[in-house]
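Q: In our numbering, the protein residues as written are 11 to 570. Built from N, CA and C at the ideal position, the CB exists for glycine as well. Predicted, not measured: the structure shown is a model, and the values here were computed from it.
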Amino acid sequence: MTDPYKKISVKPQAYQWLRFGEIKPTGWMQAQMQRDLVHGFVGHLDELVPDLIQKDDIYGKDRLTKTAKTKDLGVVSKETEWEVQFLWWNSETQSNWRDGFVRTALLLENSAYLEKVRTYIDHILATQDADGYLGIYAPDLRFNFSSENGELWAQASLFRVLLGYYEATSEAQILDAVIRAADVTMRAYPMHQSQPFKATKDYAGLCHGLVFTDVLDRLYQLTKQETYLDYALWLYAEYSEATLSADDVRYIHLTDPAYRFHAHGVHTYEHLRSLLTAVYASANPLLEGALSAYLEKLDLCLTPSGAPIGDENIDGRQAHASETGYEYCSIHELLDAYSHLLQKTGNPQWGDRIEWLLFNAGQGARHPQESSIAYLKTDNSYSMTGPLHPNDPIDPRNPQTRYKYSPAHQDVAVCCVPNAGRIYPYYVKSMWMRTSKGLFCALYGASELNTEVNGVKVHIKEETNYPFDFTISFSITVSQPVEFELSFRKPAWAIGLEVKTESEWEEEHGIIKIHKTWKTGDKLVLNFQAKVQTNEFHKDETFISYGPLVFALPLNSVAK
Numbered sequence: 011m012t013d014p015y016k017k018i019s020v021k022p023q024a025y026q027w028l029r030f031g032e033i034k035p036t037g038w039m040q041a042q043m044q045r046d047l048v049h050g051f052v053g054h055l056d057e058l059v060p061d062l063i064q065k066d067d068i069y070g071k072d073r074l075t076k077t078a079k080t081k082d083l084g085v086v087s088k089e090t091e092w093e094v095q096f097l098w099w100n101s102e103t104q105s106n107w108r109d110g111f112v113r114t115a116l117l118l119e120n121s122a123y124l125e126k127v128r129t130y131i132d133h134i135l136a137t138q139d140a141d142g143y144l145g146i147y148a149p150d151l152r153f154n155f156s157s158e159n160g161e162l163w164a165q166a167s168l169f170r171v172l173l174g175y176y177e178a179t180s181e182a183q184i185l186d187a188v189i190r191a192a193d194v195t196m197r198a199y200p201m202h203q204s205q206p207f208k209a210t211k212d213y214a215g216l217c218h219g220l221v222f223t224d225v226l227d228r229l230y231q232l233t234k235q236e237t238y239l240d241y242a243l244w245l246y247a248e249y250s251e252a253t254l255s256a257d258d259v260r261y262i263h264l265t266d267p268a269y270r271f272h273a274h275g276v277h278t279y280e281h282l283r284s285l286l287t288a289v290y291a292s293a294n295p296l297l298e299g300a301l302s303a304y305l306e307k308l309d310l311c312l313t314p315s316g317a318p319i320g321d322e323n324i325d326g327r328q329a330h331a332s333e334t335g336y337e338y339c340s341i342h343e344l345l346d347a348y349s350h351l352l353q354k355t356g357n358p359q360w361g362d363r364i365e366w367l368l369f370n371a372g373q374g375a376r377h378p379q380e381s382s383i384a385y386l387k388t389d390n391s392y393s394m395t396g397p398l399h400p401n402d403p404i405d406p407r408n409p410q411t412r413y414k415y416s417p418a419h420q421d422v423a424v425c426c427v428p429n430a431g432r433i434y435p436y437y438v439k440s441m442w443m444r445t446s447k448g449l450f451c452a453l454y455g456a457s458e459l460n461t462e463v464n465g466v467k468v469h470i471k472e473e474t475n476y477p478f479d480f481t482i483s484f485s486i487t488v489s490q491p492v493e494f495e496l497s498f499r500k501p502a503w504a505i506g507l508e509v510k511t512e513s514e515w516e517e518e519h520g521i522i523k524i525h526k527t528w529k530t531g532d533k534l535v536l537n538f539q540a541k542v543q544t545n546e547f548h549k550d551e552t553f554i555s556y557g558p559l560v561f562a563l564p565l566n567s568v569a570k
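1. Helix, strand or coil, according to DSSP, for N429 in the structure here?
2. So, under 8 Å CB-CB, H562 and D362 are touching, yes? Tell me the CB distance rounded to an integer number of Å.
3. How about L536 and F478: are their beta carbons less than 8 Å apart?
4. For the region 271-278 against the region 223-230, do three or more pairs of beta-carbon atoms, one drawn from each stretch, fall closer than 8 Å, so that the two count as touching?
5. Do you know how far the Cα of F207 is from the Cα of Y249?
6. Does the beta-carbon distance from A166 to V221 come in below 8 Å?
7. How many Å lie between S157 and P314 at the Cα?
8. Where does the unbroken alpha helix (DSSP H) through G37 begin, and where does it stop?
9. Express the C-alpha separation of Y436 and D109 in angstroms, rounding to a whole number.
10. Is the region 249-265 in contact with the region 198-217, if contact means three or more CB pairs nearer than 8 Å?
11. How many Å lie between F271 and S340 at the Cα?
12. Using CA coordinates, which residue listed in Q410, L239, L168, P22 is at the minimum distance from M196?
13. Just grab the DSSP bridge partners of I554 for me.
14. Going straight from the alpha carbon of A24 to that of W163, what length do you get?
15. So, helix, strand or coil for Q23, using DSSP?
16. Taking its Cβ as the centre, do 16 or more other Cβ atoms sit within 10 Å of G506, making it buried, or is it exposed?
17. So which of E495, A347, S393 has the shortest CA-CA distance to L368?
18. Could you name the residues of the same chain whose beta carbon sits closer than 6 Å to that of Q26, not counting the 5 residues immediately before and after it, in chain order?
19. Would you kindly work out how many angstroms separate the C-alpha atoms of T129 and V488, rounded to a whole number?
20. Please classify H133 as buried or exposed, where buried requires at least 16 other C-beta atoms within 10 Å of its C-beta.
21. Residue ranges of each beta strand (DSSP E) run of no fewer than 3 residues wholly in the region 444-474, ordered along the chain?
22. Quick test of your reading: E337 and G320, contact by CB under 8 Å. State the CB separation rounded to the nearest angstrom.
23. Thinking C-beta only, is A418 closer than 8 Å to F51?
24. So, helix, strand or coil for N401, using DSSP?
25. Enumerate, from N- to C-terminal direction, the unbroken beta strand (DSSP E) stretches of 3 or more residues contained entirely within the region 130-156.
26. Let me know the secondary structure DSSP gives A178 once reduced to three states.
27. Reducing DSSP to helix, strand and coil, say where E91 ends up.
28. So for A384, helix, strand or coil by DSSP?
29. Alpha carbon to alpha carbon, how far is W244 from T237? Give it in angstroms, no decimals.
30. Can the beta-carbon of D66 be found closer than 8 Å to that of N100?
31. The alpha helix (DSSP H) that contains N100, what's its start and end?
32. Verify whether the separation of the beta carbon atoms of E472 and K500 is less than 8 Å.
33. What first and last residue would you give for the beta strand (DSSP E) that runs through W528?
34. Measure from the alpha carbon of S19 to the alpha carbon of each residue in A192, S292, A247, L173, then state which is nearest.
35. Answer yes if the region 453-465 comes into contact with the region 34-46, meaning at least three C-beta pairs across the two stretches below 8 Å, and no otherwise.
36. In terms of DSSP beta bridges, what is Q539 paired with?
Here's what the structure looks like:
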């Protein structure tokens, strides 16, 4: 075989996502999400940057036209011709923030914020054109580009919000709106008859547009229509054959053993999901080889906390604990990509990576008291000031501001804060998955699951202070006795395991399995044993870990 984009068959996915909202957080995760919603940036970013969100109805009356020349993007710099290409930027700020805001309000069932969510959803539905179009461009401009644009990107980020809301509420009109809008785009860029990534001058928006595959993958899972997967495979092929600024995921680069990632980190890590979707849309062994090559190249980019280089470009570097930073956007996009790897492959190692990344880099880039995050962070954080990269000259007139803590980062770009609001809802939705035999506990944390198995209502309460404690208790309530398999991930760091249950259990390939007829009142307890470990990093440094946590030594410092 010589054609890497040829479809052989649809490759079966190991697990199925549960509907968003079936898993809800409790414990410290719920408390942190509640603070971020009620008192922090997750619930109030629109008030912090009103010009970017409240005053720019970019999906409605303020859609972009050929006459648009400038827009307040919140970036403190002079207006130039190049900035005109960023007119799509507020769609990213708005939709990524809304994604985290909507999902957090739904998970916490906060009535005051749910009312705000409903108002937003109704407004977005009212912007849908008669032909089904949902997006940021007026008729004179949409689908008619030869340069940088945010068409697919603005749609992808918005449709993810709507699909999350649909899953939590089962409102058929929401799914119908997304299907109609996706169909408009698929007709406007017909397969094998158009070039959506052909551009004389591209930058971030056009390249972000490849993650339209996120929407297509989920639509396939919800509707079982293979057309969505076929289109996702074609989009990856078009992207892979184009010449673009963020091109690490191109097949020709992935299959070059000497090639190292060089592009903008966020693009590189989110595009892993597009490549993965193409693999499962085609079952093509050449693409499977490209995926394996991607993961090998990715390992070179990971710091001890699990975070990937993203300050801003990778530039062929190898991760360094003190000198290579990472965007919060990169943390979230890689975590989301890991969750897709876990769902599709069934390999529990991706669960280990998700927890390591979130509990170390994800928590470490948050301010320990205030509701704010570091746009960029290094593992060894000696200072939040100074140059962007170690050898950069310092310009007092234009200081770097990416490493500071902020609830908005409006002087750089309001992109990382919205993604910081998405990261915990996306972790929570990945905690349990459906298997062919029952349910799989993929990630740990205090939570409650409400779902159905074989037509029977199942409630599972998970009680734990994980990752600070490794004892995890599960209580089962069912509407009637029902037979299925409960399975649980055994973390790779666990040196021992105790399962307290009256039922028989087995462990296979890092998965603990219990198959029985479950009744209300059934309980089980997992107790993982860990030890403090000294880990080698690039042969000249070490770091200390315990379970899924990396130790961090506080430094004397002055905060300004």
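A: The structure says:
1. helix
2. The amino acid occupying residue 562 in the given sequence is Ala; His does not appear at that position. At roughly 19 Å, the Cβ-Cβ gap does not stay under 8 Å, so A562 and D362 are not in contact.
3. no
4. no
5. 6 Å
6. yes
7. 39 Å
8. 37-48
9. 10 Å
10. yes
11. 14 Å
12. L239
13. T544
14. 28 Å
15. coil
16. exposed
17. A347
18. R444
19. 35 Å
20. exposed
21. 448-451, 457-463, 466-473
22. 4 Å
23. yes
24. coil
25. none
26. helix
27. Residue placement at E91 is flagged as unreliable, the pLDDT there being 43, under the threshold of 50; the coordinate-derived value follows with that caveat. Three-state DSSP puts E91 in a helix.
28. strand
29. 11 Å
30. yes
31. 99-118
32. no
33. 521-528
34. S292
35. yes
36. G506
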